[in-house]
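Take the sequence shown: its letter number 41 is residue 43 in our numbering, and every next letter is one higher. Positions of the beta carbon are idealized from the N, C-alpha and C atoms, including for glycine. The next block holds one structure in the form of structure tokens; read it before the comments.
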Amino acid sequence: MTSEFVGKVRKIGSSLAIVIPKEVAKKEGIREGALVKVQIMKRDVSSFGASSGIGPWKGHDDDWGHDEPSND
């Protein structure tokens, strides 16, 4: 299987690391110590997943704009 996700590069000691999301690891059957093939494509943050005038995503923004009651 092949999964794709966007990850944030973090510094760990003198190395750089990307965390594989739990859902992806489970779907792919990846465990600690597994060998994986990684293809890296740097993304331009200013144009990836953003529209003009919209600020950056903040991890606590989980309601996706559903803060107003619906009129159903």
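Its chain contains Ile22, Val26 and Val38 as the residues whose beta carbon lies nearer than 8 Å to that of isoleucine 32, once the 5 sequence neighbours on both sides are disregarded; these appear in chain order.
Here the alpha carbons of alanine 19 and valine 11 stand approximately 6 Å from one another. When secondary structure is reduced to three states using DSSP, alanine 27 falls in the helix class. DSSP places arginine 12 in the uninterrupted beta strand (DSSP E) bounded by 11-14. The beta carbons of lysine 28 and serine 5 sit no closer together than 8 Å.
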